[in-house]
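Read the structure below first, then the notes.
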Amino acid sequence: MTSLIHARGLIKRFGDFTAVDGIDVDVQPGEAFGFLGPNGAGKSSTMRMIGCVSPPTDGVLRILDMDPRRDGPRIRARLGVCPQLDNLDPELSVLENLTTYARFFGIPRKVARERAAELLDFVQLGERAGSKVEPLSGGMKRRLTIARAMVNEPDIVLLDEPTTGLDPQARHLVWERLFRLKQQGVTLVLTTHYMDEAEQLCDRLVVMDGGKIVAEGSPRALIEAYSTREVVELRFPDDQGSYVGKLEGVGERLEVLPDRILLYVTDGDAALAEVHRRSLDPAGSLVRRSSLEDVFLHLTGRTLVD
Amino acid sequence: MTYVLEYHLVNYRRTWRSSVLSSLVLPLLTMLGFGVGVGAYVTGGIDGHSYLEWMVPGLIASTAVQTAVGEATWPVRACFEWVKSYFAQSAAPLRIADIIGGHLAFMMVRVLLSVIAFLLVAAVFGALGSLWSLTVLPISVLLGLSVAAPVMAYTASVGSDTMLTVLIRFAVLPMSLFSGVFFPISALPEALQWAAYALPLAHGVDLSRAATLGLDLGVGALGHVAYLALWCAAGWALAVWRYRTRLVV
Chain A
66 MTSLIHARGL IKRFGDFTAV DGIDVDVQPG EAFGFLGPNG AGKSSTMRMI GCVSPPTDGV
126 LRILDMDPRR DGPRIRARLG VCPQLDNLDP ELSVLENLTT YARFFGIPRK VARERAAELL
186 DFVQLGERAG SKVEPLSGGM KRRLTIARAM VNEPDIVLLD EPTTGLDPQA RHLVWERLFR
246 LKQQGVTLVL TTHYMDEAEQ LCDRLVVMDG GKIVAEGSPR ALIEAYSTRE VVELRFPDDQ
306 GSYVGKLEGV GERLEVLPDR ILLYVTDGDA ALAEVHRRSL DPAGSLVRRS SLEDVFLHLT
366 GRTLVD
Chain B
2 MTYVLEYHLV NYRRTWRSSV LSSLVLPLLT MLGFGVGVGA YVTGGIDGHS YLEWMVPGLI
62 ASTAVQTAVG EATWPVRACF EWVKSYFAQS AAPLRIADII GGHLAFMMVR VLLSVIAFLL
122 VAAVFGALGS LWSLTVLPIS VLLGLSVAAP VMAYTASVGS DTMLTVLIRF AVLPMSLFSG
182 VFFPISALPE ALQWAAYALP LAHGVDLSRA ATLGLDLGVG ALGHVAYLAL WCAAGWALAV
242 WRYRTRLVV
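Listed in order, the protein sequences are those of chains A and B. Those letters in the first sequence? Residues 66 to 371, by this note's numbering. Those letters in the second sequence? Residues 2 to 250, by this note's numbering.
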């Protein structure tokens, strides 16, 4: 089976600005694939090219074995798109938002109504079918947008920052629904700047920075390749940099941030004990598992969430 | 295209009652104010017709234009900026032409409804000559398209609401005043006559007037139709171009 999305040397330029700078991507059927990166990394531009609403400037892009430059409408007929900013119709009811959208795909009215009802149950909005969209919470709107993206039973669902701006509870509900879709074998392609989201949802991901792919793999493999098992975070009351010398040899690697020092270690508790043995007295300390954030920090020297 | 029309119609279901009411009240007021009020002073009539009879077809054409402009300005801006429904549509398997065509079709539904309301009020006032008056319906659609298409292109191009107000104040309003709706164009200085006939409304007014008063324009009628069709075609091309720059980037 060929990949659903195949990109080689894919480039998107806006005037002098290169948003996507020659990326190679392959997404396999049934996979949950993520683009992880900070704002401005080129994630959304990539998604728009995949969504066939933005022609590539250069390079190869094949989607469902078709050419987005030529077969835009045919490809879009088999995609589900959940954009970064909800573009639901606030004047229409929850149900009408799905049925009118289904009609854009040429789905017969009766089928559209049945499918809309099923999808509303799936995203737990069944009871709100008749209400207007306007008063819905951010999480409900996002779930409705996800339901709308499913209305044509797509081969690939594109989710651009699916939980940005949602409160923690709403995020978990969205994740749970997306996980269910994944279990049903739907191919998910998502962008995010949240490490936990990428870890929760993605089988495989690429880390993007400045329009380029800087690393690729499963969340676990990336952490293993670019980070240690555990991280000790130390917060000192004064200049963090002045402690670098005193911490030498405690971990495999050390990263100084404006507000804290990160020690990359195999055994966090042992490392913290060593810090105390050296009579260093951080105002705060935390031992945690390594995350994708650490991978990103290691690859780019910057933290991900800005 | 029909799917996009369907979407706009579903949306319209929510507001059609109030819009139908205003489509009836507006012609009623203008007909009372101008036709009956001003008409009382135009005792000789114009070209052998009473002022009311003479003015009604002009008002009908003007109504078609007002409705078309109204629909092609703020609602179009909403589809780009506030509701962003065009962006939702362009993610579906629709082409730019479907998105524009469907919305234009809806605008023409609105034009027809306003014109029908006007015809009903005019009939009550006894200002319509014969059943031939019904030919103002296709004329209004042609006129509506010739205005709506370029205005859609304009709305898609401007960056602020203010520019929509500018269009209405400095283009639509003067056009409504000088296109032979309220007084014959021949009363204008020659330069303004040319200006009036460069814009679509004057052609729509002449055609509508011929329809309700039963005048024979001869080949002139074809000239008006062709000129309006030219505005439609140019407006369509511009709209497709402007929409593409907004939706496909």
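Ideal Cβ placement from N, Cα and C applies to all residues, glycine included.
Check	Outcome
Under a three-way DSSP split, which group does B/K85 fall into?	coil
Beta-carbon of B/E82 versus every beta-carbon of chain A: anything under 8 angstroms?	no
So which of B/S147, B/A79, B/E7 and B/T31 has the shortest CA-CA distance to B/L202?	B/S147
For A/S350, list the residues DSSP reports as bridge partners.	A/L299
DSSP three-state label for A/L126, please.	strand
Comparing alpha-carbon positions, which option in A/S196, A/A263, A/E156 and A/Q93 lies nearest B/R14?	A/E156
Mind reading off the beta-carbon distance from B/T156 to B/A73? Whole number of angstroms is fine, and I expect it under 8 angstroms.	6 angstroms
Roughly how many angstroms lie between the CA atoms of A/P121 and B/S180, to the nearest whole one?	47 angstroms
Could you check the C-alpha separation between A/F361 and A/L337 for me, to the nearest Å?	23 angstroms
What does a CB cutoff of less than 7 angstroms around A/V352 pick up in its chain, not counting 5 residues either side in sequence?	E295, V297, G333, D334 and L337
If contact is defined by three or more beta carbon pairs under 8 angstroms, each pair taking one atom from either stretch, is the stretch 196 to 212 of chain A in contact with the stretch 145 to 152 of chain A?	yes
Quick one: is A/G195 near chain B, going by C-beta distance under 8 angstroms?	no
Find the nearest neighbour of A/P158 within the set A/E218, A/K197 and A/G80, judged by alpha-carbon distance.	First, the amino acid is wrong: residue 158 of chain A is Ser here, not Pro. When each option's Cα is compared against that of A/S158, the closest is A/K197.
Would you kindly work out how many angstroms separate the C-alpha atoms of B/L218 and B/G205, rounded to a whole number?	13 angstroms
Any Cβ of chain B within less than 8 angstroms of the Cβ of A/N104?	no
In whole angstroms, what separates the C-alpha of B/T1 from that of B/V112?	Residue 1 of chain B cannot be examined here, being either before or after the span of chain B that is shown, 2 to 250.
Would you tell me roughly how many angstroms separate the C-alpha atoms of B/A89 and A/T165, rounded to the nearest one?	11 angstroms
In chain order, which continuous runs of the beta strand (DSSP E) of length 3 or greater are located wholly inside the stretch 119 to 206 of chain A?	123 to 128 and 144 to 147
Grouping DSSP H, G and I as helix and E and B as strand, with all else coil, what is B/G71?	helix
Going by the beta-carbon positions, is the gap between B/S177 and B/V66 smaller than 8 angstroms?	yes
Mind listing which residues of the stretch 136 to 161 of chain B have their C-beta closer than 9 angstroms to chain A's C-betas, in chain order?	none
Write down the C-beta distance between A/S283 and A/D268 rounded to the nearest angstrom, noting that I regard them as a contact closer than 8 angstroms.	6 angstroms
Could you check the C-alpha separation between A/L153 and A/E264 for me, to the nearest Å?	28 angstroms
Helix, strand or coil: which one does DSSP assign to A/G99?	strand
What is the rounded straight-line gap between the Cα of B/V174 and the Cα of B/V26?	Residue identity differs from the one stated: residue 174 of chain B is Leu in this sequence, not Val. About 20 angstroms.
Assuming the contact rule is C-beta atoms closer than 8 angstroms, A/S110 and A/D91 should be a hit. Round their C-beta distance to whole Å, please.	No, A/S110 and A/D91 are not in contact; Cβ-Cβ is about 18 angstroms, not under 8 angstroms.
Please compile the residues from chain B whose C-beta is within a distance smaller than 7 angstroms of the C-beta of A/R141.	A92, A93 and P94
If I measure Cβ to Cβ from A/A10 and keep anything under 8 angstroms in the same chain, skipping five residues before and after, which residues do I get?	Residue 10 of chain A is absent from the structure shown; chain A starts at 66 and stops at 371.
On the premise that B/I186 lies in contact with B/M153, defined as a C-beta separation below 8 angstroms, what is that separation, rounded to the nearest angstrom?	Wrong, their Cβ atoms sit about 27 angstroms apart, outside the cutoff.
Within the 8 angstroms Cβ cut-off, does A/V118 reach chain B?	yes
Near B/A123, which residues of its chain fall below 6 angstroms by C-beta distance, leaving aside the five closest residues on each side in sequence?	V57 and L129
Any beta carbon of chain B sitting closer than 8 angstroms to that of A/E156?	yes
The alpha helix (DSSP H) that contains B/H225, what's its start and end?	V220 to L248
Would B/G215 and B/S131 be called neighbours here (beta carbons separated by less than 8 angstroms)?	yes
Confirm, please, whether the CB-CB distance from A/L231 to A/V239 is below 8 angstroms.	yes
How far does the alpha helix (DSSP H) with B/L106 in it reach, from first residue to last?	One point to set straight first is that residue 106 of chain B is Ala, not Leu, in the sequence displayed. From DSSP, the alpha helix (DSSP H) with B/A106 extends over I97 to V125.
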